[in-house]
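2 protein chains.
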Amino acid sequence: MQAIQWQNGLVTFIDQTKLPHTEEYITTSDYNVIIEAIKKLRIRGAPLIGIAAAYGVALACLELQRKKSQNYLVDLKIIIEEFKNTRPTAVNLFWALDRVAKFVSPLSDIDSVTNNIINEAIKIHTEDKLMCESIGKLGNQIVPEKANILTHCNTGALATGGEGTALAIIKYAQKAGKKINVFVDETRPLLQGARLTTWELMKAGINCTLITDNTAAFLLQQKKVDLILTGADRVTINGFAANKIGTYNLAVLAKFHNIPFYIAVPSSSIDLDIDKPEQIIIEERNPDEVRKIKDLYISPETVNVYNPSFDITPPELITGIITENNVYRYPYQPEFYKLKSSE
Amino acid sequence: MQAIQWQNGLVTFIDQTKLPHTEEYITTSDYNVIIEAIKKLRIRGAPLIGIAAAYGVALACLELQRKKSQNYLVDLKIIIEEFKNTRPTAVNLFWALDRVAKFVSPLSDIDSVTNNIINEAIKIHTEDKLMCESIGKLGNQIVPEKANILTHCNTGALATGGEGTALAIIKYAQKAGKKINVFVDETRPLLQGARLTTWELMKAGINCTLITDNTAAFLLQQKKVDLILTGADRVTINGFAANKIGTYNLAVLAKFHNIPFYIAVPSSSIDLDIDKPEQIIIEERNPDEVRKIKDLYISPETVNVYNPSFDITPPELITGIITENNVYRYPYQPEFYKLKSSE
Chain D
0 MQAIQWQNGL VTFIDQTKLP HTEEYITTSD YNVIIEAIKK LRIRGAPLIG IAAAYGVALA
60 CLELQRKKSQ NYLVDLKIII EEFKNTRPTA VNLFWALDRV AKFVSPLSDI DSVTNNIINE
120 AIKIHTEDKL MCESIGKLGN QIVPEKANIL THCNTGALAT GGEGTALAII KYAQKAGKKI
180 NVFVDETRPL LQGARLTTWE LMKAGINCTL ITDNTAAFLL QQKKVDLILT GADRVTINGF
240 AANKIGTYNL AVLAKFHNIP FYIAVPSSSI DLDIDKPEQI IIEERNPDEV RKIKDLYISP
300 ETVNVYNPSF DITPPELITG IITENNVYRY PYQPEFYKLK SSE
Chain B
0 MQAIQWQNGL VTFIDQTKLP HTEEYITTSD YNVIIEAIKK LRIRGAPLIG IAAAYGVALA
60 CLELQRKKSQ NYLVDLKIII EEFKNTRPTA VNLFWALDRV AKFVSPLSDI DSVTNNIINE
120 AIKIHTEDKL MCESIGKLGN QIVPEKANIL THCNTGALAT GGEGTALAII KYAQKAGKKI
180 NVFVDETRPL LQGARLTTWE LMKAGINCTL ITDNTAAFLL QQKKVDLILT GADRVTINGF
240 AANKIGTYNL AVLAKFHNIP FYIAVPSSSI DLDIDKPEQI IIEERNPDEV RKIKDLYISP
300 ETVNVYNPSF DITPPELITG IITENNVYRY PYQPEFYKLK SSE
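Residue numbers (numbering that gives the first Met the number 0), protein chains in the order written: chain D, 0 to 342; chain B, 0 to 342.
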């Protein structure tokens, strides 16, 4: 299963809102379909969003080329802005769009802009696959021979261009012969754990048990969890990590129960330009995501709701941050600062 | 709104599984309907379960009386056992059943057994109403003039014979002119917070905001909560509190963020005979409660699930335990021991 593919000027992606009941793929030449898919979480997961946006801009180039657009430079810039406005928290989105945007130059004609952007998007995707492999391999060193791992949201093949971030580590550890059992937080409101992570783990033949988010504390109290492993959408240079709402809860629980708490991210998710948690915009999503499940109201229809999509975990609660390059340990700033100087 | 009523040999109760969309009452003379209602959570909340079971036994008496049963003593003992097997964790259930069971005596004829049990059931209900009033009044002293209160599950008129336990305090504080805002955990898997507590608070005109359970930590981090207030189904003599899964999570969060964490319970929920958390049987419910919401699967249909209905909060994480008699402070054993000696 590949969450996204580029082939002959078409993008094919799995519609994640249909999982786990239906494995349905959408193939499109229309970049607007990609924008809508990112907004509606048909495509989700920070690295995958970046790849999808880059492919989306590539589709837009092909469309402008077909239309023989005279204003393609202006049009492309507007379209890139539209992609930037889909999900405000994911840094990979901006990072991927900046990578393709640098080819939008008045010195190139539309054909070479298009070719360059297609190549760059494919390169972003390929790099992401390799990044997943490296994270899996490097992260495996923190997994004991027999490990009960608690995870949150989805950080697997459905979130990336390859095998995932946190889930890539779990898959690698299982392949390396370790005895792995995974507890999966269902991850309300959008239930990525229940819908996507269990589906991926079961497909990969990895033992897993689904729990409601508020069961994690009780599992830790009973010493049924050896480590907690999640992804992150954005990490500051000093190690504040924005990730799916509920992650900070797990980090507090890990601290209280003296259990290691790791996050796994591509280095592109580390935003070297910010060092304050307030600088991360926390997306607040539609209250109906909490009031309803699918089309069914589970609460009074007019009840007030607070629905932040992410929370922020401070660096001192994070045992280690695993990227494709290294397993970093707290304090993060000195090491991440070196990445900045090497930019 | 009254969650349960006894009138002319009939029990009327609100079907809580239909809320918040439909306010539907069931009136029955059949004790089997009460047993089924407790098992299926149409009737829920530790104190309400006790009242309902006592009324259920009263209905059984009337039925045996109508049938002119010769074996009514044996029959009643069997029926009382059936009620005891409905929900294993709620101590009020056993307590209420023991209170009516003591009238099942070979020295009485069926008419006097029936009358005695009906009167005792009504007395249990009346005492519970008064208990709610006292908890509300006493508990009000721990609520600041302006309070953002986080609560879990449902502890209101839908859980008791009166205005509730934790929710009675909130209602009393609001009536006393305090500025109250309530954050309501949706309380997966059965969503009692989303379905019942928001409905009750909105009906009572109290400001409330619904959150997913994994948003609580983020609220506390942002200092948006002044205190946490929940109920409990069973408290040991030294203060271990069994309550809806997720309560222990909140207690850990409260400790970590230095916010007071109170529980409110009728004194009948304090089990003076046990002092070890292992002595509390934790009910594990059907995995489909997690896999499905209403009739809709939200996960793979065959995924493993761990679905404990309760967790246990250790006494050192509880700032205070509020009953109809007192606001107890840690350590609880010396004070609760006095209750035992006065039994």
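Note that the Cβ used here is the ideal one computed from N, Cα and C, for glycine as well.
- Within chain D, the residues whose beta carbon sits less than 8 Å from that of residue 255 (chain B) are 251, 254 and 255, listed in sequence order.
- The C-alpha of residue 206 (chain B) lies about 12 Å from the C-alpha of residue 196 (chain B).
- Chain B has a Cβ within less than 8 Å of the Cβ of residue 194 (chain D).
- Around the beta carbon of residue 214 (chain D), 16 or more other beta carbons lie within 10 angstroms, which makes this residue buried.
- The shortest CA-to-CA distance from residue 127 (chain B) to any of B:117, B:160 and B:109 is the one to B:160.
- Under the DSSP assignment, residue 239 (chain D) falls outside any alpha helix (DSSP H); it carries neither an H nor an E label.
- Burial is judged here by how many other beta carbons sit within 10 angstroms of a residue's own beta carbon; residue 0 (chain D) has fewer than 16 and is exposed.
- With 16 or more other CB atoms across the displayed protein chains lying within 10 angstroms of its CB, residue 41 (chain B) is buried.
- Cβ-Cβ distances below 6 Å link residue 100 (chain B) to 79 in the same chain, with the five nearest sequence neighbours on each side left out; the list follows chain order.
- Secondary structure at residue 69 (chain B): coil, using DSSP grouped into helix, strand and coil.
- Here residue 246 (chain B) carries a helix assignment [DSSP, helix/strand/coil].
- The beta carbon of residue 85 (chain B) is closer than 8 Å to those of 34, 37, 38, 48, 52 and 92 in its chain, skipping five residues each way along the sequence.
- Boundaries of the beta strand (DSSP E) around residue 328 (chain D): 326 to 328.
- CA-CA distance, residue 50 (chain D) to residue 50 (chain B), rounds to 59 Å.
- Within the region 262 to 329 of chain D, complete beta strand (DSSP E) segments of at least 3 residues are found at 309 to 312, 319 to 321 and 326 to 328, given in chain order.
- Not a single C-beta of chain D is nearer than 8 Å to the C-beta of residue 287 (chain B).
- Remark: three or more beta-carbon pairs, one from each stretch, lie closer than 8 Å, so the region 217 to 235 of chain D and the region 150 to 166 of chain D are flagged as touching.
- In the displayed model, residue 212 (chain D) falls within a helix according to three-state DSSP.
- The beta carbon of residue 70 (chain D) is closer than 6 Å to none in its chain, skipping five residues each way along the sequence.
- Annotation: residue 176 (chain B) to residue 135 (chain B) spans about 14 Å, alpha carbon to alpha carbon.
- Taking 9 Å as the upper bound on Cβ-Cβ separation, chain D lies near residues 243, 244, 245, 246 and 247 of the region 226 to 247 of chain B.
- For residue 185 (chain B), the neighbours in chain D by C-beta distance under 8 Å run, in chain order, 187, 289, 297 and 298.
- DSSP, read as helix, strand or coil, puts residue 163 (chain B) in strand.
- Using beta-carbon distances, residue 260 (chain B) does not count as an interface residue toward chain D, since no partner is under 8 Å.
- Assignment of residue 21 (chain B) by DSSP, reduced to helix, strand and coil, places it in the coil class.
- Using a Cβ-Cβ cut-off of 8 Å, residue 212 (chain D) counts as an interface residue toward chain B, since at least one Cβ of chain B sits closer than that to its own.
- In the DSSP assignment, residue 100 (chain D) falls within the unbroken alpha helix (DSSP H) covering 90 to 100.
- For residue 16 (chain B), no beta strand (DSSP E) segment is defined, and its DSSP state is neither H nor E.
- In this structure, the beta-carbon distance from residue 154 (chain B) to residue 166 (chain B) falls below 8 Å.
- Judged by DSSP in its simplified three-state form, residue 150 (chain B) adopts strand.
- In the pairwise beta carbon analysis, the region 275 to 294 of chain D is classified as not touching the region 272 to 289 of chain B: fewer than three pairs are separated by under 8 Å.
- With its beta carbon at least 8 Å from every one in chain D, residue 205 (chain B) lies outside the interface.
- Within the region 13 to 44 of chain D, 19 and 20 place their CB atoms closer than 8 Å to a CB of chain B, listed in sequence order.
- Residue 190 (chain D) carries a coil assignment under DSSP once its states are collapsed to helix, strand and coil.
- Contact with chain D is absent for residue 274 (chain B), since none of that chain's Cβ atoms lies less than 8 Å from the residue's Cβ.
- The continuous alpha helix (DSSP H) containing residue 332 (chain D) extends over residues 332 to 340.
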